[in-house]
Amino acid sequence: GAVVSQHPSWVICKSGTSVKIECRSLDFQATTMFWYRQFPKQSLMLMATSNEGSKATYEQGVEKDKFLINHASLTLSTLTVTSAHPEDSSFYICSAPTGTTEAFFGQGTRLTVV
Amino acid sequence: LAKTTQPISMDSYEGQEVNITCSHNNIATNDYITWYQQFPSQGPRFIIQGYKTKVTNEVASLFIPADRKSSTLSLPRVSLSDTAVYYCLEFSNDYKLSFGAGTTVTVRA
């Protein structure tokens, strides 16, 4: 089946620094990818839609200047958490639809800001 | 805002069948009903998808009545490793998935 890979699986960073998370579709092309955030014991919340070759679209309440998204190729989207703070600590997950009626998720990235 | 409603939790024992019912009160005509499984610190994993009637694969069955206002995921003979959170979702043309709280299934020995 289709595979979506995220890197890194976990990252610890200091408050005020920026962190980049990569999401790759390994065996299919994805013009659209989605970024979710999940806090402990909570469900996934859609943050933004990453569009290849154009600007990302953000859900209400998500700061676009804080969560920079770049979708430079048909197999790679990146999420950069800028000037990270402890409240940004969370589990970040990407997904990519295959063009049919299925969407596959990455394994997630655990971000801890200290 | 989640589009679906499902029980918060269910408990079961190894070897039993687990059925989780989800409400789709406002499902769009073209939407597919999709179920995902999520283990702690992992991304959701696709289980099964259907539009109407019954679909079966190697891990589960999905029952969808004619009015499509509900769906039931059936997990036959669960094991401890089936302990997870299960989400029912409505898959639309824009591929956006709106997650509800999910159902935490706990399987005991």
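Going down the list, the sequences are from chains A and B.
Mapping the first sequence onto the numbering used here, position 3 (from 1) lands on 3, and the numbers just tick up by one.
One rule links them: number in the numbering used here = place in the second sequence (from 1) + 1000.
All C-beta atoms, glycine included, are put in the ideal place defined by N, C-alpha and C.
Since this is a predicted model, take the numbers as computed values, not measurements.
Notebook entry, point to check: DSSP state of E22(A), grouped into three classes?
Noted result: strand
Item checked: Where Y1112(B) falls, given that 16 or more other Cβ within 10 Å makes a residue buried -> Coverage of chain B is limited to positions 1001 through 1109, which leaves residue 1112(B) absent and any answer about it impossible.
Next item on the list: Starting from the C-beta of E22(A), find all residues in its chain whose C-beta is less than 7 Å away, skip the five residues before and the five after it, and write them out in chain order.
Entry: Q6, H7, L76, T78
Checklist line | Buried versus exposed, by CB contacts within 10 Å (16 or more), F137(A) | finding: The question about residue 137(A) has no answer here: the residues shown for chain A are numbered 1 through 114.
Next item on the list: Pick helix, strand or coil for S89(A), following the three-state DSSP scheme.
Entry: coil
Notebook entry, point to check: Would DSSP call L1097(B) helix, strand or coil?
Noted result: coil
Notebook entry, point to check: Which residues of chain B have a Cβ atom closer than 8 Å to the Cβ of F34(A), listed in chain order?
Noted result: Y1095, K1096, L1097
Check: Closer than 8 Å, Cβ to any Cβ of chain B: which residues of the region 44-74 of chain A, in chain order?
Finding: L44, M45, L46, T49
Check: What did DSSP end up calling L1080(B) once you bin it into helix, strand or coil?
Finding: helix
Notebook entry, point to check: Do you know offhand how far G1043(B)'s Cα is from T1072(B)'s?
Noted result: 22 Å
Next item on the list: Could you tell me which chain A residues have their CB closer than 8 Å to the CB of P1007(B), listed as they occur along the chain?
Entry: Under the 8 Å cutoff, chain A gives no residues; its nearest Cβ is about 14 Å from P1007(B).
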